[in-house]
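Those protein sequences? They're chains C and P, same order as listed.
85 is the number that our numbering gives to position 85 of the first sequence; each next residue is one higher, with no gaps.
Numbering-wise, our numbering comes out as the position in the second sequence, counting from 1, plus 122.
Protein chains: 2
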Amino acid sequence: MVELLTYEMDQVFHALGDATRRQMLRELAGGGRTVSQLAEPFAMSLAAASKHIKVLENAGLIRREVLGRTHICHLEAGPLASAHEWLGAYSRFWTGRLEILERLLREDDARKSSTQKKGDET
Amino acid sequence: MVELLTYEMDQVFHALGDATRRQMLRELAGGGRTVSQLAEPFAMSLAAASKHIKVLENAGLIRREVLGRTHICHLEAGPLASAHEWLGAYSRFWTGRLEILERLLREDDARKSSTQKKGDET
DNA sequence: CGCATATTCAACCACATGGTTGAATTACTT
DNA sequence: AAGTAATTCAACCATGTGGTTGAATATGCG
Numbered sequence: 001m002v003e004l005l006t007y008e009m010d011q012v013f014h015a016l017g018d019a020t021r022r023q024m025l026r027e028l029a030g031g032g033r034t035v036s037q038l039a040e041p042f043a044m045s046l047a048a049a050s051k052h053i054k055v056l057e058n059a060g061l062i063r064r065e066v067l068g069r070t071h072i073c074h075l076e077a078g079p080l081a082s083a084h085e086w087l088g089a090y091s092r093f094w095t096g097r098l099e100i101l102e103r104l105l106r107e108d109d110a111r112k113s114s115t116q117k118k119g120d121e122t
Numbered sequence: 123m124v125e126l127l128t129y130e131m132d133q134v135f136h137a138l139g140d141a142t143r144r145q146m147l148r149e150l151a152g153g154g155r156t157v158s159q160l161a162e163p164f165a166m167s168l169a170a171a172s173k174h175i176k177v178l179e180n181a182g183l184i185r186r187e188v189l190g191r192t193h194i195c196h197l198e199a200g201p202l203a204s205a206h207e208w209l210g211a212y213s214r215f216w217t218g219r220l221e222i223l224e225r226l227l228r229e230d231d232a233r234k235s236s237t238q239k240k241g242d243e244t
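Next comes the structure, spelled out in structure tokens:
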């Protein structure tokens, strides 16, 4: 897996720090889309959407295929993999604690369920 | 695992979009640190570092424990787990393709190695 | 209590961001 | 060739960002 340079990681996380751009990536997970198709769901100008697409492209998250005047955008998952790997280095901090939390929540649910049953019987 | 709201995800990815803040998180993976300790490795004012720490705190990535005038910061991995999970949804896009890429690179390396050997022998 | 330490705050600065509008560019259709 | 479609560009705007400096605040020490 290609490891990203620091500024490339800046760009990837920055690109992901906007809901519009994350939604565009979700859309692209369903296959290639034109610029206009990507822009369509958003209440903003085409120029604004085009700017977002440029940010994603600069971060290496999408690649565009130009067919005449139509630009088809495709997801490029490599940088997502790098970001995922970077975050994965912290997995030991959430694996254990979340297991503990989930167990506590399950126990709490069981206790509540038992109490509610008693309540129902009253 | 707690799923973050959209704006919380904005904050998490935004916080990660800066090399200074990512480095601070790496430091915190080694245990609690004071504000001054976190600031020390950076060529910037304490106030600037303090701002970064505030961004991480607002994103829920760190928690601070105030002991008198000393603020001890601790890593909070929950939001990292959420971001990791968000990225994981795209894993099918990099798993297959990266395997193909790695295999091609390995074959390329083998070929080059063989060619170099012949060159050496000349 | 005075001094020192740890840290944040406020104001400032230069630049970046995310939106708009109208124009420009590239390409397709009739 | 004219009109249309797809998209980007440039200039603008309001706001945010990331840094600085000096002051303010909270707390500890001798």
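Ideal Cβ positions, reconstructed from N, Cα and C, are used throughout, including at glycine.
Simplified DSSP assignment, three categories, for P:Leu126:
As a first step, residue 126 of chain P must be located in the second sequence, where it is residue number 4. Under the three-state reduction of DSSP, P:Leu126 is assigned to coil, being neither helix nor strand.
Strictly below 8 Å CB to CB, what residues from chain P border C:Gly88?
For the purposes of this step, residue 88 of chain C is taken as the residue at position 88 of the first sequence. Residues of chain P passing the Cβ test: His206.
Please list the terminal residues of the continuous beta strand (DSSP E) segment that includes P:Arg185.
Counting from 1 along the second sequence, the entry for residue 185 of chain P is found at position 63. Where P:Arg185 is concerned, the enclosing beta strand (DSSP E) stretches over 184 to 189.
Decide if C:Val66 is buried, meaning its Cβ has at least 16 other Cβ atoms within 10 Å, or exposed.
Numbered from 1 along the first sequence, position 66 holds the residue referred to as residue 66 of chain C. Classification of C:Val66: exposed, given that the 10 Å Cβ count is below 16.
DSSP puts P:Leu197 in a beta bridge; with which residues?
Working through the second sequence from its first residue, we reach residue 197 of chain P at position 75. In the DSSP output, where bridge partners are listed per residue, P:Leu197 has P:Ile184.
Cα-Cα separation between C:Thr122 and C:Gly96, rounded to whole angstroms
The residue given as residue 122 of chain C occupies position 122 in the first sequence. The residue given as residue 96 of chain C occupies position 96 in the first sequence. In this prediction, C:Thr122 scores a pLDDT of 47, lower than 50, which makes its location untrustworthy; the coordinate-derived value is nonetheless stated afterwards. Using only the alpha carbons, I get a separation of about 40 Å.
Under 7 Å by beta carbon: chain C residues contacting P:Leu226:
By 1-based counting over the second sequence, the position of residue 226 of chain P is 104. Those within 7 Å of P:Leu226 in chain C number zero; the least Cβ separation is about 13 Å.
Cβ pair P:Glu130, P:Gly190 closer than 8 Å:
The residue labelled residue 130 of chain P in the question sits at position 8 within the second sequence. The residue labelled residue 190 of chain P in the question sits at position 68 within the second sequence. No, they are not a contact pair.
Using 7 Å as the cut-off, classify the Cβ of C:Ala83 as near or not near the heavy atoms of the ligand ZN, replying yes or no.
This structure lacks the ligand ZN; in fact it carries no ligand of any kind.
Compare the Cα-Cα distances from C:Gly75 to each of C:Leu25, C:Gly17, C:Ala19, C:Val2 and report the closest residue.
Indexing the first sequence from 1 puts residue 75 of chain C at position 75. The sequence shown places Leu at residue 75 of chain C, rather than the Gly named in the question. For C:Leu75, the nearest C-alpha among the options comes from C:Leu25.
Any beta carbon from chain P within less than 8 Å of C:Phe42's own beta carbon?
As a first step, residue 42 of chain C must be located in the first sequence, where it is residue number 42. Taking Cβ atoms only, chain P never reaches closer than 8 Å to C:Phe42, which makes this a no.
Examine chain C for any beta-carbon lying closer than 8 Å to the beta-carbon of P:Ala171, and answer yes or no.
One-based indexing of the second sequence puts residue 171 of chain P at position 49. Taking Cβ atoms only, chain C never reaches closer than 8 Å to P:Ala171, which makes this a no.
Using 8 Å as the limit for Cβ to Cβ distance, is C:Leu16 near chain P?
Translated into the one-based positions of the first sequence, residue 16 of chain C becomes position 16. Residue-level contact by beta carbon holds for C:Leu16 and chain P, with a gap shorter than 8 Å.
Short-range partners of chain P found in the segment 57 to 77 of chain C, where Cβ spacing is below 7 Å
Cβ proximity to chain P below 7 Å picks out Leu75, Ala77 from the segment 57 to 77 of chain C.
Assign C:Ser113 to one of two classes, buried (16 or more other C-beta atoms within 10 Å of its C-beta) or exposed (fewer than that).
Indexing the first sequence from 1 puts residue 113 of chain C at position 113. Its Cβ having fewer than 16 others within 10 Å, C:Ser113 is exposed.
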